[in-house]
Amino acid sequence: MSNCPPITEYFLSGRHFTELNETNPLGMKGEIAKAYGELISTLWSGRHHFTSPQKFKTQVGIFNPSFCGCQQHDSQELLTFLLDGLHEDLNRITNKPYITIKDDSGKEDEVVAKETWDNYRKRNDSIIVDTFHGLLKSRVICPECERLSLTFDPFCYLSLPLPLKKDRTIMVRYIPYESSRRESMYKLVVPKKGTIRDLCLEMNNFTSGNPDHMLVAEINNCHFHKFFCNGDSLESIDEKDIIYM
């Protein structure tokens, strides 16, 4: 949030003081906006090597007791609360009009989207709306009558899953066949769902050994525990295991 230029410039300029909506029943009497503005001013003043957002945290805890105390909390939940709180505290609409929803059948998508957005802005108008809010388009077709239902729903944030890692690392102790060469430790990066063959091919990038002649084993308590075949899955190898090759 601090590195979002439109929002930070807005608070640094002091514009939030002129747009505080302290009477909004959905808001927090402007306290969250003022506390966040003070925090941003401190962060960007250039006079501090570090800062403790204690006042901001206190205000957040007052209006959302789940954030009280020193327990670890979900960052997405905090961001959701902050965006909603800032929007309501800075909503420029003081008297929200009643909006009648019309039948949008037969209208072009662009027309429906514009009407939905215009109606939404009649009740919601803030720097948060200007910067973050948008419309999510949904199309539903009835399987019986095949009637198309088109809706545009306002949103402020979208939750996206973090991409899963496709690779993993495996510690390998390489023991050359030639006794004159020293054994070495390698941290090999291989496909997460790969096979022992992938491990041998990766080792070939660091040694002169032929992948077709490599013997891969797991040793426990100074005894051979298992010999792997080329087609064996790497998923059977634990992150803490050291494989011998």
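If you're matching positions, the sequence shown starts at 53 in the working numbering and goes up one per residue. In this text, a Cβ means the ideal position worked out from N, Cα and C, and glycines have one as well.
Spatial neighbours of residue i in its chain, beta-carbon cut-off 8 Å, leaving aside the 5 residues before and after
i	result
ARG175	ILE145, LYS148, PRO149, ILE151
LEU130	VAL112, PHE119
Beta-carbon proximity check, residue i vs residue j, cutoff 8 Å
i	j	result
ILE92	SER54	yes
ASN76	ASN143	yes
ALA165	PHE204	yes
ASP141	GLY82	yes
PHE280	VAL268	yes
Status (buried if at least 16 other CB within 10 Å, exposed otherwise) for residue i
i	result
ASP264	exposed
LYS86	buried
HIS100	exposed
THR168	buried
VAL163	exposed
GLY98	exposed
Length of the line joining the Cα atoms of residue i and residue j
i	j	result
ILE289	CYS120	42 Å
GLU61	LEU72	16 Å
ARG67	SER211	29 Å
Nearest-angstrom Cβ-Cβ length linking residue i and residue j, presumed shorter than 8 Å
i	j	result
LEU135	CYS208	5 Å
ASN273	ILE248	The Cβ separation is near 22 Å, so there is no contact.
MET297	TYR226	5 Å
Close Cβ partners of residue i (< 7 Å) along its chain, the five nearest in sequence each way excluded
i	result
SER232	none
VAL242	ASP219, ARG220, ILE222, ASP250, LEU251, GLU254, LEU286
Residue i: CB within 7 Å of a non-hydrogen atom of the ligand GDP
i	result
LYS239	With respect to small molecules bound, the structure shown includes none, and the ligand GDP cannot be examined in it.
Close beta carbons around residue i, own chain, < 6 Å, minus the five adjacent residues each side
i	result
PHE63	GLY89, ILE92
LYS189	PHE204
ASP338	The shown model of the chain, from 53 to 297, leaves out residue 338, and the question about it has no answer.
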